[in-house]
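**Q** Structure incoming, see below.
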Amino acid sequence: MNRRVIMTEENYNFRTSQTLLRNQFPGPGKLQIPVIPKFQEQPGDFDDLLLIGFDKTHLEDQNHLDRMVHFFLYDYRFERVWKHPDNDIEKLSRYRAVLSPDFSMYLEMAPVMQLYNVFRNRWCGAYWASKGIRVIPSVNWGDESTFDFCFEGIEKGSIVAVSTYMASAHDHRQDQKEWFMAGYNEMLRRIEPEKIICYNTPFPEMQGNIIPVDYERSSWKYMSYDRNLSTDKLDAFKMGGAPHRECDIIDPYLIGKGGGSAYGGEWRPPKPEDERLLGQPGEIKTTYPYGYRIDTKIGPDGRAVAERHYTERPNGKTHSNPHDHRINWNSPRYGCPNFVEPHINYWPADYPGGAPEFKSNRRSIPMNSIDFAERNRFKTISEFKECVIRGGEPVFSWNGAQYGVCFHEDGYCIADIHGDNEKICKSPDEVLEYTIESHRLRDIITQVAVISRNI
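Residue numbers (my numbering): 1 to 455.
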């Protein structure tokens with residue numbers, strides 16, 4: 001029996017809605033990527049230019065309307081402009097100009113997602129321009145395979161915007177200059193931009209009529225109002241999808257995600273004692289960074305795969321002397337050294353002949369016997385939490401008493417150096433609630449003297 005499917009008005013309106021079809025601005029070529037009209041420059045547009053992040057804009061703002069709005073942010077901070085493009089028109093139209101939304105083009109993304117994000121960038125820019133907003137296209141790219149579409153929708157001779165933040169060395173990561181410059185030079189060839197707004201410090205190799213925009217002066221620190229984001233709202237800045245208690249909150253006003261590798265550049269040692277974690281394949285490096293011996297075994301890729309620590313720190317009840325740590329570079333932080341749970345003990349009852357040999361080609365690395373306290377001091381609570389999450393096993397002292405933190409089953413253990421006054425915790429935040437002489441650890445962690453930490 002055949003049944004006729006009757007299209008209701010609601011179904012018809014949905015199927016033909018511009019929000020679904022997104023076909024208002026068909027560009028040239030097979031992909032029909034929308035074209036953002038050329039920015040019509042006015043006198044003073046680029047004098048002492050500062051930007052403001054989309055997440056800091058609001059209808060009540062009267063102090064920063066001379067800034068241009070940027071989207072060099074995590075995508076989830078501005079997905080709304082794609083899903084509900086009309087909602088922010090009034091707000092955005094108040095500012096000097098708007099950069100098109102910089103949806104991510106990570107190297108690891110599926111190609112169709114990269115193409116989709118280029119389309120979204122240009123569609124939003126073309127739509128805002130049709131509403132009378134002054135728009136400058138943000139340009140981003142992946143590897144060379146994206147060059148055939150990532151510059152589409154931008155007229156030759158346009159004014160464009162780029163950001164070097166993700167390509168620059170920061171957060172213990174090396175730069176991604178080679179990736180950035182390959183795409184930048186291709187952009188110059190294809191678009192021949194009249195001007196290039198560069199958010200963050202330009203690389204010396206960059207050619208063209210560059211308008212550098214100071215990263216720090218454009219940040220929230222130099223804005224003359226405080227939105228007073230509460231702690232619960234900072235969950236929105238956690239990396240990934242749904243927040244996890246174990247995940248650290250990044251700097252809540254961090255800017256600049258969306259290009260290069262999703263994992264950032266190659267890891268670089270933040271402190272001299274961390275240089276032991278890189279070396280020649282197959283060697284064992286012997287160092288004494290914290291007053292006791294550490295043997296570090298280097299794997300075939302030049303990164304550490306295991307360490308032997310000749311100490312009972314951080315907890316004499318749970319750590320033999322010596323004990324071993326396995327090191328991986330994938331989890332919980334990709335591309336960084338992570339000390340894997342559990343460590344390997346060599347208790348005398350189980351190993352009456354002593355610990356087995358830590359085999360490989362040995363090399364001793366002399367280190368000056370100096371006070372590492374200031375260098376290893378936790379500058380922020382976030383730094384302490386990151387150390388704990390990655391198996392750093394910090395040992396610290398407060399008023400002469402020593403304490404240590406280590407993995408324990410699915411959580412963490414904090415106790416004094418002898419294993420007494422122990423507390424088992426589910427997360428680094430719970431560790432920070434540990435009480436020492438009536439002080440919460442959270443309140444004193446940036447003041448304690450750090451004796452040792454694996455990372």
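Here a beta-carbon is modelled for each residue, glycine too, at the ideal position from N, C-alpha and C.
Bear in mind the structure is a predicted one, so any value in this text is a computation, not a measurement.
Within 10 Å of its beta-carbon, does Y12 have 16 or more other beta-carbons around it, so buried, or fewer, so exposed?
**A** With fewer than 16 Cβ atoms within 10 Å of its Cβ, Y12 is classed as exposed.
**Q** Please state whether DSSP places C198 in a helix, a strand or coil.
**A** Here C198 sits in strand by DSSP.
**Q** Cβ of W141 within 8 Å of Cβ of G208?
**A** No, the Cβ-Cβ distance between W141 and G208 is not below 8 Å.
**Q** Within 10 angstroms of the Cβ of V162, are there 16 or more other Cβ atoms? Answer buried if so, exposed if not.
**A** By the 10 Å Cβ count, V162 comes out buried.
**Q** Which residue spans inside the stretch 130-173 form an unbroken alpha helix (DSSP H) run of at least 4?
**A** Entirely contained in the stretch 130-173, not one alpha helix (DSSP H) run reaches 4 residues.
**Q** At what residues does the beta strand (DSSP E) containing A97 begin and finish?
**A** Looking at the DSSP string, the run of the beta strand (DSSP E) that includes A97 is A97 to L99.
**Q** Quick one: residues in its chain with C-beta nearer than 6 Å to the C-beta of E194, no 5 flanking neighbours on either side, listed in chain order?
**A** Answer for E194: G157 and I159, listed in chain order.
**Q** Considering Cα atoms alone, identify which of D274, F407, A401 and H323 is closest to E437.
**A** Among D274, F407, A401 and H323, the Cα nearest to that of E437 belongs to A401.
**Q** Where do the N-terminal and C-terminal ends of the alpha helix (DSSP H) with R276 fall, by residue?
**A** First-last for R276: undefined, no H or E at that position.
**Q** Taking the continuous beta strand (DSSP E) assigned at G411, which residues delimit it?
**A** That run of the beta strand (DSSP E) goes G411 to D416.
**Q** By the 10 Å Cβ neighbour count, where 16 or more other Cβ atoms means buried, how is K379 classified, buried or exposed?
**A** So K379 counts as exposed.
**Q** Taking DSSP's pairing of strands, which residues face L51 in a bridge?
**A** In the DSSP output, where bridge partners are listed per residue, L51 has M68.
**Q** Just checking my contact of S100 with N121 at CB under 8 Å: how many whole Å lie between their CB atoms?
**A** The pair is a contact, with the Cβ atoms about 5 Å apart (cut-off 8 Å).
**Q** What's the gap between the Cα of L49 and the Cα of S168?
**A** Distance between the alpha carbons of L49 and S168 is about 21 Å.
**Q** So, for H408: in the same chain, excluding its five sequence neighbours on each side, which residues have a beta-carbon less than 7 Å away from its beta-carbon?
**A** Answer for H408: I424, listed in chain order.
**Q** Does DSSP classify T19 as helix, strand or coil?
**A** Here T19 sits in helix by DSSP.
**Q** Taking the straight line between their C-alpha atoms, what separation do you get for R67 and N23?
**A** Each residue's Cα considered, the two are about 31 Å apart.
**Q** I need the DSSP call for E430, collapsed to helix, strand or coil.
**A** Here E430 sits in helix by DSSP.
**Q** Strictly by DSSP, which residues pair up with H325?
**A** Beta-bridge pairing links H325 to E307.
**Q** Take P26 and list the residues in its own chain whose beta-carbon comes closer than 8 Å to its own, dropping the five residues that flank it on each side.
**A** Taken in chain order, the residues that qualify are Q32 and P34.
**Q** Evaluate A355 with the Cβ neighbour count: other Cβ atoms within 10 Å of its Cβ, from every protein chain shown; 16 or more gives buried, anything less gives exposed.
**A** That one is buried.
**Q** Which residue wins for smallest C-alpha separation from T296, given the options P314, D274, G316 and E312?
**A** That would be D274, whose Cα lies nearest to the Cα of T296.
**Q** If you follow the alpha helix (DSSP H) that Y184 is in, where does it begin and where does it stop?
**A** Start and end: K177 to I191.
**Q** Which of the three DSSP states is assigned to N338 in this structure?
**A** Reduced to three states, the DSSP call for N338 is strand.
**Q** Helix, strand or coil for Q402, going by three-state DSSP, please let me know.
**A** In the structure shown, Q402 sits in a strand (DSSP, three-state: E or B).
**Q** Using 8 Å as the Cβ pair cut-off and three pairs as the minimum, do the stretch 109-116 and the stretch 124-131 touch?
**A** Too few Cβ pairs lie closer than 8 Å, so no.
**Q** With DSSP collapsed to three states, give me the class of K423.
**A** If DSSP states are grouped into helix, strand and coil, K423 belongs with the strands.
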